[in-house]
Structure formats: structure tokens, C-alpha cells
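Enquirer: Count along the sequence shown starting at 1, add 647, and that's the number in the working numbering. One structure is given below, represented as C-alpha cells, and several questions about it will come after.
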Amino acid sequence: GSAVPGAKITATATATGTTTNTVSSATGAYTLPFLAPGNYNLTAQAQGFKQFQQSGITLNAGAQPVIDIKMEVGAVSENITVKEEAPLVTASNASVGQVITTREVEDLPVNGRTPLMLDTLAMGAISVFEPGPVRPFDQPAATQVSLGGGPVGANESLLDGAPNAGFGNQLAYSPPQDAVTEVRVNAFESDASLGHAGGGTLNQITKSGTNQFHGSAWEFNQTSRLDSNSFFANKAGTPISPYHYNQYGLATGGPLWIPKLIHGKDKLFWFFAYEGLKDSDPANSPLETGSPLNYATVPTAAERNGDFSALLKMGPSYQLYNPFSTHTVNGVVMRDPFPNNIIAQQYLNPVSLAIEKYYPMPNTTGDPAGTKNYVINAIDTDTFDNELGRLDWNIGDNDKLFVTARHNYRTQFKNPYFGNSNITQGNTFHRLNQGVVLDETHTVSATMFMDARLAWTRYIEVHSNPSDGFDLTSLGFPATLQSSSQQPQFPGIYFSSSIGSSSCGASSGVEISFQCLGYASNGTDTFDAYQGYLQFIKIQGNHTVKFGVDLRDYRWSAFTPGNSAGGYQFSSSLTSTSNWTNGPNINSAPPPFGSDFAEFLMGLPTSATFDNNTYSTVGSTYQAAFIQDDWRARSNLTINLGLRFEHESPATERYNRAVNGFFPTLPNPITGPAAAAY
């Protein structure tokens, strides 16, 4: 048959009543761009033809279905009705991907309720993450996927079409599962309007309110009290480790309705989702990880007073030597042993004696040498709150707008090996994400459409210690150390014995070092991403031409105070260049255990650091321009011709703090003599 130009074509969203209109071109072609995912009814009217109606059309995220309308001669009052005729083949573009539909998002079990983990169901997607639960705040794990054979971490993560990535290109925000209507996974992208990726694209689409009020509430609770122990643990008399995992939330939405003020049916819609999570697990010991119980090594009451006589029962190799008794015999530097392995009180450092008071007393016998004499019963905790809100406004047939705002906050307290009240152990980790997306679509004319978007994402990670703000002078350190510290806290005290060579951690040897005190990890990273996006679509005959720009600005501010209160290493390993208690000559092997704590008591560190770091704010910009022509050459052939230009500026420190000690105006000292010579 012949083409029907000038036919009025209308797509109506069944859930909201929102309509989008266009007219067919001289060749009978039509395009309805920027439609939100959902179910639609399609109608077409033209003078002298029966009205065409097709219902039950499901539109997925990023989909561009080709629906051919067959008009029949007759009166407009007559109807042609077609029901749910879905195309088997995507004939409008060459992108390779898959949509995880609303039903799949709602019905498939996701361990941890992170909806992006459903991307592994898509064709061309291979996860490299070890199978297991991925919680909403486990952002790095959620993006450990290769799309189409591309590198891991090179995919573009989107939320409602806007960038959703933090530093390192890891996922910034994971919405509650009940707030996601679809997940679009494209392993290969033929659309020039999408880019900034060395792999594929991952786009999560949030739900919007409808003309009907809907809501849901849920809870997932797992506790050790409801779990059975393993056969072998029961046989060994080992109880199940206590843990508690509770995840809960709600999602609700509908038309915005305020009595006598706003009646939002077919016009204004809201949606809100909340998710909370609380869990607690035993803290993993830094020592003997994998053993039935978790242990640390702490000094005994005798060792705190310099009495290491109990070690001599292990053999003469445990003898400690006095570093203050150095003398020369036949040209060899020698030391005298401490009588009965007891350090005289005159050699004990008052600062060390003040620090050691923060150690708890042993609560178990431990090994013969006194190692592993403290059973760790500490608990790690996680608290997480996640909120997302969305407002959709059907301004009119020519304008539609939506805005989403999101916020989540995670607080993790981990490794309080000596209990929550001991400030020398533990670390608090905060992760915060905020973001806003504002998007408007505008029908310029029957053949031209516009989409404008503004987006902002903030991703913050903060590490803090229980001892932040600690008064160093209370330990006997000078006031100048306190005033010079960028972040006063308990000093870092690190140990390593000759066999257990790790400064705080586990060793494959028989004996291991004392548990360290003080500094763990601290610092703040703040990442901001801004986007301005503008796209036009022009329909000309059988050509659908899209063009636009994608502008972004990235800023990453970081500060890590490090050992801002001082870090002191006490080591008597075989490779140490400063063994203070080995003997009888200074080249003798150090004692297998105890010498590092003896050096600590005498105030003789192997090395020491004091960090004074600078702040950093690194920024870069990204600009892209694109144009694409989707040419429907035949009813069964569409050719995608696209071009995208991208430019990303190098990262620069905003205040030139990355360069230190370079003076561009300082004369070269050899310039004068060289000029005089020649």
C-alpha cells in the first residue's frame, strides 16, 4: 500500500494516562522518542481512514521497537484494533544487549538485594566477582563484570540515563530493589548518544508513581539462633559464631494529591523507597585467621614490668641482651645479657609504660611462649540507610519532566579487638552517596524533539579512629607533637618478632608478634560528578537524526593524615638493621619472641614516622558531541550511522599542590659559569 503522510499518532501510558503525539512524515515514517519504560496503547488517525488502535505494547528501557501501522480506508469513527503484537527482532538498531524486566527484578532472588547483580543474566555479561552476597553498599563488587569481552571496570554505570559512578569508576549508588523497574545491559552499544565507556553500559531505571496508589513492605532476617551448626563443629564442641543480618524496606507511590490544592491524576506522580540494613558479625582476628577461635597476643603482667624470665624456659635463644651495655671484644661489638631476662626499672621508658596500660590482660593461657593469650570476642557492625524519591510531572502533551533525588549512608565499625571501649583498636568507616537527576523532554514540533538533563552525584568515603582527638601529652609526649599533628590520635605502635614478621598480622610461623596499638586507616575521599546533557531528534522522511552534547566535570578531594601522631616500629626480625636486644654480639640472631616488646619498653624503636600530609583536589573535564542517523532504508532494514567525538582533560590539582619544591624562576646555578666560559 501507499504511505499515509500527516497521520496523527499518539502513545498513551496505561499506568499514568500520559500521552505523547507526533505525525507521520511524507514517507509515512514516524518516531516517538524519549518514552519512559512501561505499557502503552498506540493510536493513529488520518482523514479518510479508520482509526488504528494497538494495545498491550510493552516498552523496555532503551528499546526502539518498530511498529508498522496498517491503515484501512473508512470513516474515522471506525476502529481497527490490534492487541499485543511484539516484534521478534529489533529492527531499529544494532546494539547488543538485554533488558532485565520488571517481573525479573521483582521475582528473582538476589542475595543482598543489589539489583545491578542481575546484569549477569544478560547475554555477553561475565561476572568476575566471587559468588556470594552483595549488599547495596558493596559498590566495587557490583561492577565486577565484563561486558562483551571488555575489561572489568570499563563499563558505564547509569541511573535513569545519568552517570552513576564514583572514583575508580565503581558504582556510586545502588537503589532499593523495589525501586527499580528495569536494568538495561548493553554489551555492545551502537547508539552514538551513549559513550564514555571502554566496555558496555549498565542502566538502572527507577520506578515512577501511577494513577493508582501502590506500595510494598518487606524484611529479610537471618540470625545464628535460627541456623544449625555443622556436624564437625558440633563434634568438636565449637558453637556457631553469633551473627545477625536484618534487611528491610518499603516502596510506595501514586498521584500527588493534596485536598483542595493538587489533584495529580494523569498529571503529577510521586514515588518513594526506603531500605535499611543492620548486621553484626564476629571481628576477624588479625592473627590465626581461619582457626576455630580468634586470638591476639598481649603482654603478661610480668612482661609489662620488664620481666621476660618465663621465656627462658623455652631455651637459651630467648635470652635478651642489654643495648646499653655495648663494649668491644677483639674488635667485635658485644652486649651483656639481662640477668634472668629481667629489664631493670631504670631502663623502662615512662611513655612506653603509659602506652602499655591500654592493653587488656590475657584472658587465656595461650602457647608456651605466651602467644595467642587473648581470645577475641569483638563484634563488627554495619548500619545502612537508603532513600530514593522521584517526582514525574506531565506538564502537557509537549513537555514532560522528572526529578529523582537519592541518599544513602553506611556506618561500619570493625576490628574492635579489645572491646568497644578501648580506643587503640577499631576503625569506623562511613560511605555516603547523594545525587539528583533532573530531566525534561520537549516536543519542539511534530518532527523535532529535545531532551535536556542535569545530574549530580557525590560519593564520599571517610575512615576515622576511636582515638581521634586524643591528647598525646597524656602519654608523656611533648606538647609540640600535639600541636604539630594534623589529626591528633593514639600513636601507632607496631611489632614484629623474628618469626612472625608482620607488623600486626598473622604469620605462618610458630610464634607471632604482639598486637599493635593505635593508627589504623583514616582519611576522607570526596568525589563529585556533574553532567549537562542536551539531545535533539529530527525526523526527516525515513531518517531519524539525533545530535547533541554530553558535558561532565569531575572533582576528587582527598586527605589522609596517616601517622599524624607518630608511628613507631619495634622489630627484631632477621632482616632488621636495628636489633637492640640480640647478642652476645650485635650480629647474633635475635630472640624468637619478646625482643620487640622489650625494645618498646625501653623506648628504642627500629624506625619512626610522623606524617604531615597535604590536601588534594584533583579535577578533570569531559566533553562529547555526537550525531547519528537511523535510516530506515526498507521496512526490514535500518542502518545506524553514528559519530561521537570525546575529549577528557588530564587530571590537574586545583591549587597546584601536586608540585612541591620546584621554583620556575630560580636561576640554574650552572648558567653563569657556562656563559662566562663560552
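Yeah, the Cβ is synthetic: ideal placement off N, Cα and C, and Gly gets one too. None of these values were measured; they are calculated from a predicted model.
For Y1262, name the three-state secondary structure that DSSP assigns.
Expert: Working through the sequence shown from its first residue, we reach residue 1262 at position 615. DSSP places Y1262 in coil when its eight states are reduced to three.
Enquirer: Suppose the cutoff is 8 Å on Cβ atoms and the five residues either side in sequence are ignored; what does the same chain contact list for W865 look like?
Expert: Counting from 1 along the sequence shown, the entry for residue 865 is found at position 218. These residues qualify, in order along the chain: D825, Y895, G896, L897.
Enquirer: Using CA coordinates, which residue listed in T1285, Y1262, L967 is at the minimum distance from N1303?
Expert: Taking the first residue of the sequence shown as position 1, residue 1303 is located at position 656. Looking at the Cα atoms, Y1262 is the closest of the given residues.
Enquirer: Just mark I905 as buried or exposed, buried being the case when its beta carbon has 16 or more other beta carbons within 10 Å.
Expert: Translated into the one-based positions of the sequence shown, residue 905 becomes position 258. Per the 10 Å Cβ criterion, exposed.
Enquirer: Along the chain, which unbroken stretches of the beta strand (DSSP E) at least 3 residues long are found entirely within the region 1178-1229?
Expert: As far as the region 1178-1229 is concerned, its whole beta strand (DSSP E) runs of at least 3 residues are 1190-1206, 1214-1218.
Enquirer: How is V1050 classed by DSSP in three states: helix, strand or coil?
Expert: For this step, residue 1050 is matched to residue 403 along the sequence shown. Note: V1050 maps to strand in three-state DSSP.
Enquirer: CA-CA distance, T1312 and G1319?
Expert: Here residue 1312 is taken as the residue at index 665 of the sequence shown, counted from 1. Here residue 1319 is taken as the residue at index 672 of the sequence shown, counted from 1. Approximately 15 Å, taken between the alpha carbons.
Enquirer: Answer yes or no: does any C-beta atom of chain C fall closer than 8 Å to that of Q992?
Expert: Going by chain labels, chain C is absent from the structure shown, which holds only one protein chain.
Enquirer: Buried or exposed for P939, please, with buried defined as at least 16 other CB atoms from any protein chain shown within 10 angstroms of its CB.
Expert: The residue labelled residue 939 in the question sits at position 292 within the sequence shown. Residue placement at P939 cannot be trusted, given a pLDDT of 35 that sits under 50; what the coordinates show is reported in the next sentence. By the neighbour-count rule (16 or more Cβ atoms within 10 Å), P939 is not buried but exposed.
Enquirer: What residue from T1030, A1102, Y1064 has the CA that sits closest to R1078's CA?
Expert: Numbered from 1 along the sequence shown, position 431 holds the residue referred to as residue 1078. Comparing Cα-Cα distances from R1078 to each of T1030, A1102, Y1064, the minimum goes to T1030.
Enquirer: Comparing C-alpha positions only, which one of T1256, G1250, S702, A1205 sits nearest to A1305?
Expert: Position 658 of the sequence shown holds residue 1305. The shortest C-alpha separation from A1305 is found at A1205.
Enquirer: For G911, which residues from the same chain have a beta carbon less than 7 Å from its beta carbon, with the 5 sequence-adjacent residues on both sides left out?
Expert: For this step, residue 911 is matched to residue 264 along the sequence shown. P902, L903, W904.
Enquirer: Buried or exposed: which applies to R872, given that a residue is buried once 16 or more other Cβ atoms fall within 10 Å of its Cβ?
Expert: Counting from 1 along the sequence shown, the entry for residue 872 is found at position 225. R872 should be labelled exposed.
Enquirer: Taking C-beta to C-beta, are I990 and L1248 nearer than 8 Å?
Expert: Numbered from 1 along the sequence shown, position 343 holds the residue referred to as residue 990. Numbered from 1 along the sequence shown, position 601 holds the residue referred to as residue 1248. Yes, the pair counts as a contact, with Cβ atoms nearer than the cut-off.
Enquirer: How long is the line joining the alpha carbons of Y622 and P1238, rounded to whole angstroms?
Expert: Here the chain covers residues 648 to 1325 and nothing more, so residue 622 does not appear.
Enquirer: Identify whether Y1005 lies in helix, strand or coil by the three-state DSSP scheme.
Expert: Looking up residue 1005 in the sequence shown gives position 358. Y1005 falls in the helix class under three-state DSSP.
Enquirer: Pick out the complete alpha helix (DSSP H) segments inside the region 741-796, 4 residues or longer, and give them in chain order.
Expert: Within the region 741-796, the complete alpha helix (DSSP H) runs of at least 4 residues are 749-754, 786-789.
Enquirer: What is the DSSP secondary structure of N988, reduced to helix, strand or coil?
Expert: Stepping through the sequence shown from its first residue, residue 988 is reached at position 341. If DSSP states are grouped into helix, strand and coil, N988 belongs with the helices.
Enquirer: Just how far apart, CA to CA, sit I714 and S1168?
Expert: Mapped onto the sequence shown, residue 714 falls at position 67. Mapped onto the sequence shown, residue 1168 falls at position 521. C-alpha separation (whole angstroms): 58 Å.
Enquirer: According to DSSP, is V1109 helix, strand or coil?
Expert: One-based indexing of the sequence shown puts residue 1109 at position 462. V1109: strand per DSSP, three-state reduction.
Enquirer: On the DSSP bridge assignment, give the partners of V670 in chain order.
Expert: Translated into the one-based positions of the sequence shown, residue 670 becomes position 23. Paired residue(s): K655.
Enquirer: What are the residues that DSSP puts in a beta bridge with Y1141?
Expert: Numbered from its first residue, the sequence shown carries residue 1141 at position 494. Answer is Q1216.
Enquirer: Could you have a look at L1119 and say whether DSSP puts it in helix, strand or coil?
Expert: Translated into positions along the sequence shown, residue 1119 becomes position 472. In this structure, L1119 counts as helix in the three-state DSSP scheme.
Enquirer: From T1018 to P798, what does the alpha carbon distance come to, in whole angstroms?
Expert: As a first step, residue 1018 must be located in the sequence shown, where it is residue number 371. As a first step, residue 798 must be located in the sequence shown, where it is residue number 151. In a straight line, the C-alpha of T1018 is about 45 Å away from that of P798.
Enquirer: Excluding sequence positions up to five away, which residues of its chain have a Cβ less than 6 Å from the Cβ of A1099?
Expert: Translated into positions along the sequence shown, residue 1099 becomes position 452. Excluding sequence neighbours, A1099 sits near E1087, L1181.
Enquirer: DSSP state of M1095, grouped into three classes?
Expert: If you number the sequence shown from 1, residue 1095 lands on position 448. Strand, per DSSP.
Enquirer: Please list, in chain order, all residues of the same chain as K1047 whose beta carbon is under 6 Å from its beta carbon, the five residues on each side excluded.
Expert: As a working note, residue 1047 is residue 400 in the sequence shown. Within the same chain, K1047 has close Cβ partners N1041, T1088.
Enquirer: Going by DSSP in three states, S1149 sits in which element: helix, strand or coil?
Expert: Sequence index remark: in the sequence shown, residue 1149 carries index 502 (1-based). Reliability of the predicted coordinates at S1149 is poor, the pLDDT of 44 falling under 50, and the value obtained from them is presented with this limitation in mind. Here S1149 sits in coil by DSSP.
Enquirer: Taking C-beta to C-beta, are N893 and K854 nearer than 8 Å?
Expert: Start at 1 with the first residue of the sequence shown, and residue 893 comes out as number 246. Start at 1 with the first residue of the sequence shown, and residue 854 comes out as number 207. No, Cβ-Cβ distance for N893 and K854 is not below 8 Å.
Enquirer: Can you name the start and end residues of the alpha helix (DSSP H) that F878 belongs to?
Expert: Counted from its first residue, the sequence shown places residue 878 at position 231. Unbroken alpha helix (DSSP H) run through F878: 878-883.
Enquirer: Strictly by DSSP, which residues pair up with Q1133?
Expert: Position 486 of the sequence shown, counted from the first residue, corresponds to residue 1133. BP columns for Q1133 are empty, so no partner.
Enquirer: With distances taken Cα to Cα, identify the nearest neighbour of L958 among Q966, N876, N952.
Expert: Sequence index remark: in the sequence shown, residue 958 carries index 311 (1-based). For L958, the nearest C-alpha among the options comes from Q966.
Enquirer: Hey, out of L1119, G796, T1253, T1191, whose CA is closest to S1143's CA?
Expert: Numbered from its first residue, the sequence shown carries residue 1143 at position 496. Ranking L1119, G796, T1253, T1191 by Cα distance to S1143 puts T1253 first.
Enquirer: Does the region 1050-1058 come close enough to the region 974-982 to have 3 or more Cβ pairs within less than 8 Å?
Expert: At 8 Å Cβ cutoff, the stretches do not touch.
Enquirer: Enumerated in chain order, which unbroken segments of the alpha helix (DSSP H) with a length of 4 residues or greater are wholly contained in the region 892-969?
Expert: Within the region 892-969, the complete alpha helix (DSSP H) runs of at least 4 residues are 948-951.
Enquirer: Among F699, H861, A949, I1186, which has the Cα closest to the Cα of W1278?
Expert: Counting from one through the sequence shown, the residue named residue 1278 turns up at place 631. Residue I1186 is the option with its Cα nearest to W1278.
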